[in-house]
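Chemist:
Protein chains: 2
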Amino acid sequence: MTEQITGPRPTLEAVAARAGVSRATASRVVNGGAGVRAPLVEKVRRAVEELGYVPNHAARTLVTRRNGAVAVIIAEPEFRIFSDPFFEQQVRGISRELTAHDAQLVLLWVEGPGDHERIARYLGGGHVDGALAFSLHSDDRLSALIVRSGVPTVFGGRPAGSDLAVPFVDCDNRGGAREAVRHLVSLGRKRIAHIAGPRDQTSALDRIAGYHDVLVDADPALLCQGDFTRESGARAMAQLLDRWPDLDAVFASNDLMAAGALSTLRERGVRVPEDVAVVGFDDMESVVRDTAPALTTVRQDIEGMGRIMVKLLMRRLDGAGEAESASASASVITQTSLVRRASA
Amino acid sequence: MTEQITGPRPTLEAVAARAGVSRATASRVVNGGAGVRAPLVEKVRRAVEELGYVPNHAARTLVTRRNGAVAVIIAEPEFRIFSDPFFEQQVRGISRELTAHDAQLVLLWVEGPGDHERIARYLGGGHVDGALAFSLHSDDRLSALIVRSGVPTVFGGRPAGSDLAVPFVDCDNRGGAREAVRHLVSLGRKRIAHIAGPRDQTSALDRIAGYHDVLVDADPALLCQGDFTRESGARAMAQLLDRWPDLDAVFASNDLMAAGALSTLRERGVRVPEDVAVVGFDDMESVVRDTAPALTTVRQDIEGMGRIMVKLLMRRLDGAGEAESASASASVITQTSLVRRASA
Chain W
5 MTEQITGPRP TLEAVAARAG VSRATASRVV NGGAGVRAPL VEKVRRAVEE LGYVPNHAAR
65 TLVTRRNGAV AVIIAEPEFR IFSDPFFEQQ VRGISRELTA HDAQLVLLWV EGPGDHERIA
125 RYLGGGHVDG ALAFSLHSDD RLSALIVRSG VPTVFGGRPA GSDLAVPFVD CDNRGGAREA
185 VRHLVSLGRK RIAHIAGPRD QTSALDRIAG YHDVLVDADP ALLCQGDFTR ESGARAMAQL
245 LDRWPDLDAV FASNDLMAAG ALSTLRERGV RVPEDVAVVG FDDMESVVRD TAPALTTVRQ
305 DIEGMGRIMV KLLMRRLDGA GEAESASASA SVITQTSLVR RASA
Chain H
5 MTEQITGPRP TLEAVAARAG VSRATASRVV NGGAGVRAPL VEKVRRAVEE LGYVPNHAAR
65 TLVTRRNGAV AVIIAEPEFR IFSDPFFEQQ VRGISRELTA HDAQLVLLWV EGPGDHERIA
125 RYLGGGHVDG ALAFSLHSDD RLSALIVRSG VPTVFGGRPA GSDLAVPFVD CDNRGGAREA
185 VRHLVSLGRK RIAHIAGPRD QTSALDRIAG YHDVLVDADP ALLCQGDFTR ESGARAMAQL
245 LDRWPDLDAV FASNDLMAAG ALSTLRERGV RVPEDVAVVG FDDMESVVRD TAPALTTVRQ
305 DIEGMGRIMV KLLMRRLDGA GEAESASASA SVITQTSLVR RASA
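Residue numbers (our numbering), protein chains in the order written: chain W, 5 to 348; chain H, 5 to 348.
What follows is the structure, given as structure tokens:
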């Protein structure tokens, strides 16, 4: 097992020997340099350059994908994961894509802040090669704990803190919201309300921003707070109707809340779209197929975004060294499109 | 780090030294003896007796619960897990109980036979301390692969093969079915059909057996096959109505199929319970609260069974050595009860 320092394809052992460090240290530097002191990093990098070392991707894949498993972390309690079809659709694309990469999906969720440390411990325990994290909230520490665990992670949805330089996949929430509200304006609607999602999630905040982009002078009381559940949409709609007798349009921050709003409108005998036009967000098959009338909504490709997340993660795992530095810029924003049906 | 052979509390090292084996071998024997040749097992057991060695439970807990994680394996595709509330209810009790034990729940599911080997590899990879496996089917190899992985496992539902000596938690499916059918008989119903669940699951087979226990001479054509989904219940009900104009009662093998049957009866203008009485199985809150009329059903404590599964598993992990031999007898069968509502 002697290695040729000057062979046609220098090995990592050769790099380690030239740098005067252990193979493990050389490996750590080549794979990102975490936990290695700066002078040693410098020595190894110089050796890599001098020898013209090219990392062996196949070998590194064996190291970076040694567990054959990827954690999917949904920062929501179990009852929401199973009742909101959004998560099923998200997981579906991921599940298929991970299977195509022969990686085992292990699903974790979060009942409350008490679970954060345990999840971070599990991630740090070396049981998964990477993680995909969803539905993170700005006021919890989970995002930071996940990043600190050192497990390569791709976030679903833009993380709240600008200090987290992690790759993420999101749709153009703000642009999609703008399109929804512009559509309602184009229909001649004058009193357009917004049922907003939870303010600790960037998707909800971005959609609020898109609403305000179009309706710069909207009365603040036209914005009613929901939490992405059907029930909150129904409640918000009732409040809005009480508050604004001349209301003629609603943009809801997701389809479930739009469906809740439609049920309130029906109960009150308000005609859709004649009296009040309604637009949702998501285009979630299992929700839009049941609404009456059929829901006009902003489509985001939920399954497709899940597949992109897996691809980003696998690219990181398969080419860890180089990708590491570029990871923050590897985020993907997908386009949305307005799907016109009967409700607006 | 020298160990006293004759100290007040002999150590495992002392046992190993006395038996003339390595500490690892002694440990394996103390923890069940898997993979150790019989003569060595004998030597270690003798040393244990001679020294009066008492396993240190706390230390063993550190070993047997070193990952702090338990896999929950549901042998169903993702779309069923998210659409059938049975699984949510099952997972809910487990999730709470695992949290109480500070163990991380990782959920795995099975899209098809192609996933079996990968799941077994994951389990065998030492990433979880134990597993809870549900909804296993008699015609797949998953049960055997799980057992062979060596991870302590408790099954939800009696496994099909009698050769698998694994602990399981199940309800009294056969007794519950008997009670349902006896109730329909007591109402004076003469033509009682059964919508059966999939024949590769013991729960469905046991409920069929319970139906036949009461209706020994039932016409085989009164039994119609479903697959535990709402749609299959609706289809089976239509077939039964076409086949038996004098049908006056149906026992469905689960609540979802009963709900599907009720929708078919409503569409056809058949009155429930006046014309046809309907009984389900499960008493699943999210299903029974929506049916019209309210569903009479056989209640099993789904959440409670999940909690029992975790307790059995934790007992095995915390006292692995002794429990190992008694594991096959540690299964639990819970009682069912008939919940009378409007449909029968």
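Even glycine gets a Cβ: it sits at the ideal position worked out from N, Cα and C.
I'd like the list of long-range same chain contacts for Gly24(W), defined as Cβ closer than 7 angstroms, with 5 residues on each side in sequence excluded.
Modeler: As a first step, residue 24(W) must be located in the first sequence, where it is residue number 20. These residues qualify, in order along the chain: Lys47.
Chemist: Within 7 angstroms of any Cβ in chain H, is that where the Cβ of Glu82(W) sits?
Modeler: Position 78 of the first sequence holds residue 82(W). Yes, Glu82(W) lies at the interface with chain H (some Cβ there is under 7 angstroms from its Cβ).
Chemist: Could you give the distance in angstroms between the alpha-carbon of Thr10(H) and the alpha-carbon of Arg49(H)?
Modeler: The count along the second sequence starts at 1 and reaches residue 10(H) at position 6. The count along the second sequence starts at 1 and reaches residue 49(H) at position 45. For Thr10(H), the pLDDT reaches just 41, beneath the cut-off of 50, and the residue's location in the model is therefore unreliable, although a value from the coordinates is still provided. The alpha-carbon atoms of Thr10(H) and Arg49(H) are separated by roughly 17 angstroms.
Chemist: One question on the structure: do Ala184(W) and Val302(W) come within less than 7 angstroms of each other, judged by their Cβ atoms?
Modeler: Along the first sequence, read from residue 1 onward, the residue named residue 184(W) stands at position 180. Along the first sequence, read from residue 1 onward, the residue named residue 302(W) stands at position 298. Cβ distance < 7 angstroms, so Ala184(W) and Val302(W) count as in contact.
Chemist: Under 7 angstroms, CB to CB, which of the residues in the segment 96 to 108 of chain W have a partner in chain B?
Modeler: Annotation note: the requested chain B is absent from the structure, which comprises protein chains W and H.
Chemist: Can you check DSSP and say which residues form a bridge with Ile123(H)?
Modeler: For this step, residue 123(H) is matched to residue 119 along the second sequence. Beta-bridge pairing links Ile123(H) to no other residue.
Chemist: Grab me the residues of Ala62(H)'s own chain with a C-beta within less than 7 angstroms of its C-beta, minus the 5 sequence neighbours each way, in chain order.
Modeler: As a first step, residue 62(H) is located in the second sequence; it is residue number 58 there, counting from the start. Below a pLDDT of 50, predicted positions are generally treated as unreliable, and Ala62(H), at 49, falls in that range; no measurement from the model is reported.
Chemist: Starting from Asp286(H), trace the beta strand (DSSP E) both ways and give me its first and last residue.
Modeler: Along the second sequence, one-based indexing puts residue 286(H) at 282. Where Asp286(H) is concerned, the enclosing beta strand (DSSP E) stretches over 281 to 286.
Chemist: Name the chain H residues whose beta carbon is nearer than 9 angstroms to that of Ile78(W)?
Modeler: Within the first sequence, numbered from 1, the residue matching residue 78(W) stands at position 74. Those within 9 angstroms of Ile78(W) in chain H number zero; the least Cβ separation is about 10 angstroms.
Chemist: What is the rounded straight-line gap between the Cα of Ser236(W) and the Cα of Met261(W)?
Modeler: By one-based count along the first sequence, residue 236(W) stands at place 232. By one-based count along the first sequence, residue 261(W) stands at place 257. Each residue's alpha carbon lies about 6 angstroms from the other.
Chemist: Drop a sphere of 10 angstroms on the beta-carbon of Gln94(H), count the other beta-carbons inside from all chains shown, and report buried for 16 or more, exposed for fewer.
Modeler: Stepping through the second sequence from its first residue, residue 94(H) is reached at position 90. Under this definition Gln94(H) is a buried residue.
Chemist: Could you tell me which residues DSSP puts in a beta bridge with Thr301(W)?
Modeler: Taking the first residue of the first sequence as 1, we reach residue 301(W) at position 297. Paired residue(s): Gly284(W), Val343(W).
Chemist: Which chain H residues are close to Asn177(W), counting only those with a beta carbon under 7 angstroms from its beta carbon?
Modeler: Walking along the first sequence from the start, residue 177(W) turns up at place 173. Within 7 angstroms Cβ-Cβ: nothing; Asn177(W) doesn't reach chain H, min ~24 angstroms.
Chemist: Only counting the same chain, and skipping five residues up and downstream in sequence, which positions put a Cβ closer than 6 angstroms to that of Asp204(H)?
Modeler: Here residue 204(H) refers to the residue found at position 200 of the second sequence. For Asp204(H), where only same-chain residues beyond five positions count, the Cβ hits under 6 angstroms are His141, Ser142, Asp143.
Chemist: Taking the C-alpha atoms as reference points, what is the distance between Asp286(W) and Asn258(W)?
Modeler: Numbered from 1 along the first sequence, position 282 holds the residue referred to as residue 286(W). Numbered from 1 along the first sequence, position 254 holds the residue referred to as residue 258(W). When rounded, the distance between both Cα atoms is 6 angstroms.
Chemist: Can you name, in chain order, every residue of its own chain whose Cβ lies under 6 angstroms from the Cβ of Gln229(H), other than the five neighbours on each side?
Modeler: Translated into positions along the second sequence, residue 229(H) becomes position 225. Counting only Cβ-Cβ distances below 6 angstroms, and skipping sequence neighbours, we find Ala200.
Chemist: What does DSSP give as the partner residue(s) for Trp113(W) in the beta ladder?
Modeler: By one-based count along the first sequence, residue 113(W) stands at place 109. In the DSSP output, where bridge partners are listed per residue, Trp113(W) has Ile78(W).
Chemist: Counting pairs of beta carbons, one from the segment 158 to 175 of chain W and one from the segment 216 to 230 of chain W, are three or more of them closer than 8 angstroms?
Modeler: no
Chemist: Any beta-carbon of chain W closer than 7 angstroms to the one on Ala137(H)?
Modeler: Position 133 of the second sequence, counting from 1, holds the residue named residue 137(H). No, Ala137(H) lies away from the interface with chain W (no Cβ there is under 7 angstroms from its Cβ).
Chemist: I need the straight-line Cα distance from Gly39(H) to Asp322(H), nearest angstrom please.
Modeler: As a working note, residue 39(H) is residue 35 in the second sequence. As a working note, residue 322(H) is residue 318 in the second sequence. In this structure, the CA atom of Gly39(H) is about 21 angstroms from the CA atom of Asp322(H).
Chemist: Please name the residue or residues paired with Gly160(W) in a DSSP beta bridge.
Modeler: As a first step, residue 160(W) is located in the first sequence; it is residue number 156 there, counting from the start. Phe138(W), Val173(W), per the DSSP bridge assignment.
Chemist: Please name the residue in Asp106(W), Ile78(W), Ala265(W) whose C-alpha comes closest to that of Asp119(W).
Modeler: By 1-based counting over the first sequence, the position of residue 119(W) is 115. Residue Ile78(W) is the option with its Cα nearest to Asp119(W).
Chemist: State buried or exposed for Gly192(W), treating a residue as buried only when at least 16 other CB atoms are found within 10 Å of its CB.
Modeler: What you label residue 192(W) is simply residue 188 of the first sequence in a count that begins at 1. Exposed: under 16 other Cβ atoms inside 10 Å.
Chemist: Does chain W have any CB closer than 7 angstroms to the CB of Ser153(H)?
Modeler: Here the question's residue 153(H) lines up with position 149 in the second sequence. It does not: the Cβ of Ser153(H) has no partner Cβ on chain W nearer than 7 angstroms.
Chemist: Which residues in chain W have a C-beta closer than 8 angstroms to the C-beta of Ile212(H)? List them in chain order.
Modeler: For the purposes of this step, residue 212(H) is taken as the residue at position 208 of the second sequence. Using a Cβ-Cβ cut-off of 8 angstroms, Ile212(H) is close to nothing in chain W; its nearest Cβ partner there is about 29 angstroms away.
Chemist: Under 7 angstroms between C-beta atoms, does His120(W) make it to chain H?
Modeler: By 1-based counting over the first sequence, the position of residue 120(W) is 116. Taking Cβ atoms only, chain H never reaches closer than 7 angstroms to His120(W), which makes this a no.
Chemist: Do we get a CB-CB distance below 7 angstroms when we pair Ala327(W) with the residues of chain H?
Modeler: Taking the first residue of the first sequence as 1, we reach residue 327(W) at position 323. A caution first: Ala327(W) carries a pLDDT of 45, below 50, which makes its placement in the model too unreliable to give a value.
Chemist: Are there three or more Cβ pairs, one per stretch, closer than 8 angstroms when the segment 332 to 344 of chain H is compared with the segment 299 to 313 of chain H?
Modeler: yes
Chemist: Check whether the segment 304 to 320 of chain H and the segment 95 to 105 of chain H are in contact - that is, three or more C-beta pairs closer than 8 angstroms.
Modeler: yes
Chemist: Any idea if Asp250(W) is buried or exposed, counting beta-carbon neighbours within 10 angstroms, 16 or more meaning buried?
Modeler: Residue mapping note: residue 250(W) aligns to position 246 of the first sequence, counting from 1. It counts as exposed.
Chemist: So is Glu289(H) in contact with chain W if we call contact Cβ pairs under 7 angstroms?
Modeler: Residue mapping note: residue 289(H) aligns to position 285 of the second sequence, counting from 1. No, because no Cβ of chain W sits closer than 7 angstroms to the Cβ of Glu289(H).
Chemist: Can you tell which of Met288(H), Arg319(H), Leu317(H) has the C-alpha that lies nearest to the C-alpha of Ile306(H)?
Modeler: For the purposes of this step, residue 306(H) is identified with residue 302 of the second sequence, where counting begins at 1. Comparing alpha carbon positions, the residue from Met288(H), Arg319(H), Leu317(H) closest to Ile306(H) is Met288(H).
Chemist: Using only the alpha-carbon positions, how far apart do Leu213(H) and Arg178(H) sit?
Modeler: Mapped onto the second sequence, residue 213(H) falls at position 209. Mapped onto the second sequence, residue 178(H) falls at position 174. Reading off the sequence shown, one finds Ala at residue 213(H), where the question assumed Leu. Using only the alpha carbons, I get a separation of about 6 angstroms.
Chemist: Answer yes or no: does any C-beta atom of chain H fall closer than 7 angstroms to that of Leu316(W)?
Modeler: For this step, residue 316(W) is matched to residue 312 along the first sequence. Closer than 7 angstroms: no.
Chemist: Below 7 angstroms between beta carbons: does that hold for Ala104(W) and Val74(W)?
Modeler: Here residue 104(W) is taken as the residue at index 100 of the first sequence, counted from 1. Here residue 74(W) is taken as the residue at index 70 of the first sequence, counted from 1. Going by C-beta atoms, Ala104(W) is not nearer than 7 angstroms to Val74(W).
Chemist: Comparing the C-beta of Ile74(H) with each C-beta of chain W, is any distance below 7 angstroms?
Modeler: Residue numbering aside, residue 74(H) sits at position 70 when the second sequence is read from its first letter. According to the sequence displayed, residue 74(H) carries Val and not Ile. No, Val74(H) lies away from the interface with chain W (no Cβ there is under 7 angstroms from its Cβ).
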